[in-house]
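Okay, structure first, notes after.
There are 2 protein chains.
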Amino acid sequence: MAPSSANPPGRLRRDAQRNRDLLLAAARDMFSRHGLDVPLDQIAKEAGVGNATLYRHFPTREALIAEVFADAGAGLAAAGEEALAAEDAWTGLERYFGRIFELVAADRGINDLVTQAIPTIPGMIEISRGHAATVGALIARAQEQGTMRRDVVTMDLLFLLGPLCRALPAASELRPDLWRRYLALLLDGFRAQATHPLPVPPIGEEHLDRMFADLWEAEPPEV
Amino acid sequence: MAPSSANPPGRLRRDAQRNRDLLLAAARDMFSRHGLDVPLDQIAKEAGVGNATLYRHFPTREALIAEVFADAGAGLAAAGEEALAAEDAWTGLERYFGRIFELVAADRGINDLVTQAIPTIPGMIEISRGHAATVGALIARAQEQGTMRRDVVTMDLLFLLGPLCRALPAASELRPDLWRRYLALLLDGFRAQATHPLPVPPIGEEHLDRMFADLWEAEPPEV
DNA sequence: GCCGTTTCGGATTCGACTTCTCCGTTTCCC
DNA sequence: GGGAAACGGAGAAGTCGAATCCGAAACGGC
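Respectively, the protein sequence lines represent chains P and U.
Just so you know, this note's numbering puts 104 at position 104 of the first sequence, and the rest follows in order with no gaps.
In this note's numbering, each residue carries its 1-based index in the second sequence increased by 223.
Given below as structure tokens:
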């Protein structure tokens, strides 16, 4: 139960602390590469400790996830502040989503987190709401400034960007910054009169079969 | 093994034919509602036959899927022809994807099929290639006609629409024709100067939490 | 160093799920 | 009516990951 006498309540024994750190590092790595649903035993193995040690430190998968991504929310909020501080709201929006896409494209754990795990991880819903509020504010300002069409709402943007996020790791395997093209394209649209230069060149059709082969290969964690 | 004497080789006994039809109908229904990875036993149960009967008629899941969606490829090709026949390529493209989205939004089986199962079902890769060719031709003509920006390629469109397809069933649960809005929005873009009227009204933010909750809930079949 | 306590580790148990088969029974067709 | 084909549902077999158990090892105050 609670540390009874020999130990100060808040302190871990040295080996316990070391293992805890090893576990968090391993979890970060495994989540990043394989998504949030990697077998817990594998994380323990990667960390070089027994699985029971993992269960001892983190009774549930959610607890581990929450710990690993503890500071991600603050980062998102900071990016939101920064975006809202830009005088041109459209630019702020581009930068804001650029930040997010950069993370999501490179990390399957974050990807799972933003696209599916939100309702199951404590505190994540609040972060999601804050995100929506940021986007809503940026949209409103962009509409006032005349850079965004007036017949769209926050959900439109979120709904189109969410699924795209989900697909980004597949794109990243082809080229790590391919997400820039799709983000710009989605924001710009395809209409002839809306042409803006795209940041990076397109990929060829030879990737067609393979792309759809492993776009959704990893089973979504029900976490 | 092969029918030896009593039966003409190509003919099934009456009960066998009936059960086969029942199975196909049940499979169509279950695939449509639950995706391609429903337990085969459940399909048999739904059909009101024993599971062994299912395995007897369709030795593998893929065989069953192929049979159920046998004519879908022809339908897609026909839609492609029709789209290419339109004098305005942009309109043809809109109609073509409209047809596809309509199907995909209403049927999780077709959804799975186009977003993940392509490499595992015989004949599906060819259909996918035909689809890409159709889209490529439409894009080329639209670019010639000056209605589409010239710096995009087929894969750009496919890559943006694919993930969106995946998310459509979630949208359909809110409103069956919501896909129209997103398709139009994706094609139009968000820039102020590209504003075209959107066909249906947006959804409210109150769906935010729930949307991401079940957007990816169903585990992707590895089929 | 010693000793009681904490922590470790990994083999093992548990449980949920599907696929697929076996074989006695039923249905069909001639 | 009789022989072959088809049925059906229970259960065997395999997979996978979570969670536990308990003897062994590590720690740290004294």
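Using N, Cα and C, we set each Cβ at its ideal position, and we do this for glycine too.
- Here P:Ile-121 has Glu-62, Ile-65 and Ala-66 as same chain residues with Cβ atoms under 6 angstroms from its own Cβ, once five neighbours each way along the sequence are excluded.
- Burial is judged here by how many other beta carbons sit within 10 angstroms of a residue's own beta carbon; U:Thr-283 has fewer than 16 and is exposed.
- For the stretch 148 to 162 of chain P, the set of residues with a beta-carbon nearer than 8 angstroms to any beta-carbon of chain U comprises Met-148, Arg-149, Arg-150, Asp-151, Val-152, Val-153, Thr-154, Met-155, Asp-156, Leu-157, Leu-158, Phe-159, Leu-160 and Gly-162, in chain order.
- The shortest CA-to-CA distance from U:Gly-385 to any of U:Lys-268, U:Arg-372, U:Arg-373 and U:His-354 is the one to U:His-354.
- Assignment of P:Asp-112 by DSSP, reduced to helix, strand and coil, places it in the helix class.
- Counting C-beta pairs closer than 8 angstroms gives fewer than three between the stretch 32 to 41 of chain P and the stretch 79 to 91 of chain P, which falls short of the contact rule.
- Interface criterion not met: the Cβ of U:Leu-245 is under 9 angstroms from no Cβ in chain P.
- The stretch 126 to 145 of chain P and the stretch 358 to 374 of chain U do not touch, with fewer than three beta-carbon pairs separated by less than 8 angstroms.
- Sequence-ordered contacts of the stretch 285 to 317 of chain U with chain P are nonexistent [C-beta pairs closer than 7 angstroms].
- Within the stretch 385 to 401 of chain U, the residues whose Cβ lies closer than 8 angstroms to any Cβ of chain P are, in chain order, Gly-385, Pro-386, Leu-387, Arg-389, Ala-390 and Ala-394.
- Identification of chain U residues near P:Tyr-182 by a Cβ-Cβ cut-off of 8 angstroms yields Asp-379, Phe-382 and Leu-383, ordered along the chain.
- For U:Leu-336, no chain P residue has a C-beta closer than 8 angstroms to its own C-beta; the minimum C-beta separation is roughly 10 angstroms.
- Between U:Leu-247 and U:Ala-267, the C-beta spacing is not below 9 angstroms.
- Counting along the chain, U:Thr-283 sits inside no alpha helix (DSSP H), nor does DSSP assign it H or E at all.
- In the pairwise beta carbon analysis, the stretch 101 to 121 of chain P is classified as touching the stretch 157 to 175 of chain P: at least three pairs are separated by under 8 angstroms.
- Put simply, the backbone Cα of P:Tyr-182 is about 36 angstroms away from that of U:Ala-250.
- Spatial neighbours of P:Arg-149 in its own chain (CB-CB distance under 8 angstroms, excluding positions within 5 residues in sequence) are listed in chain order as Gln-143.
- Chain P has no Cβ within less than 9 angstroms of the Cβ of U:Asp-330.
- The alpha-carbon separation between P:Ala-184 and U:Arg-322 amounts to approximately 26 angstroms.
- Closest by C-alpha distance to U:Val-272, out of U:Asp-238, U:Asp-330 and U:Gly-346, is U:Asp-238.
- In this structure, DSSP gives U:Ala-309 a state outside helix and strand, which the three-state scheme calls coil.
- Collapsing the DSSP output to three states places U:Phe-254 in a helix.
- Burial is judged here by how many other beta carbons sit within 10 angstroms of a residue's own beta carbon; P:Gly-123 has fewer than 16 and is exposed.
- Membership of P:Gly-162 in the alpha helix (DSSP H) is indicated by the continuous run 154 to 174.
- Around the CB of U:Arg-241, fewer than 16 other CB atoms lie within 10 Å, so the residue is classed as exposed.
- Nearest in C-alpha terms to P:Ala-133, of all of P:Ala-72, P:Met-155 and P:Phe-69, is P:Met-155.
- Secondary structure of P:Gly-98 (DSSP, three-state): helix.
- Going by DSSP, U:Asp-294 is part of no alpha helix (DSSP H) at all; its letter is neither H nor E.
- Per DSSP, the continuous alpha helix (DSSP H) segment holding P:Leu-40 begins and ends at 40 to 47.
- Non-local C-beta neighbours of P:Ala-79 in its own chain, meaning closer than 7 angstroms and more than five positions away in sequence, comprise Tyr-96 and Arg-99, ordered along the chain.
- P:Asp-88 sits away from P:Phe-31, with the two beta carbons spaced by 9 angstroms or more.
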